[in-house]
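Residue numbers (our numbering): 395 to 467.
If you want it as structure tokens, here you go:
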């Protein structure tokens, strides 16, 4: 069993020393970067897919509307 460190008589009444800073956690920072990168990648792919699908939908809708309007069906 370890004994607590000795306190000098001059140190009585002073606040304790601050704890040492935590070590840099590489694994959590890398994990965060990977997850953020995947979210951005999937968002980019999803945006392109949704834009293409919407463009196709509105093009077909316009073609159908034009056929009905001008009687070219």
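The beta carbon of each residue, even a glycine, is placed where N, CA and C say it ideally should be.
Asked: Please report the distance separating the alpha-carbon of residue 432 from that of residue 450.; Found: 27 Å
Asked: Using the C-alpha atoms, what's the distance from residue 438 back to residue 460?; Found: 33 Å
Asked: Sorted by chain position, which residues of the same chain lie with C-beta nearer than 7 Å to residue 417's C-beta, five sequence neighbours on each side aside?; Found: none
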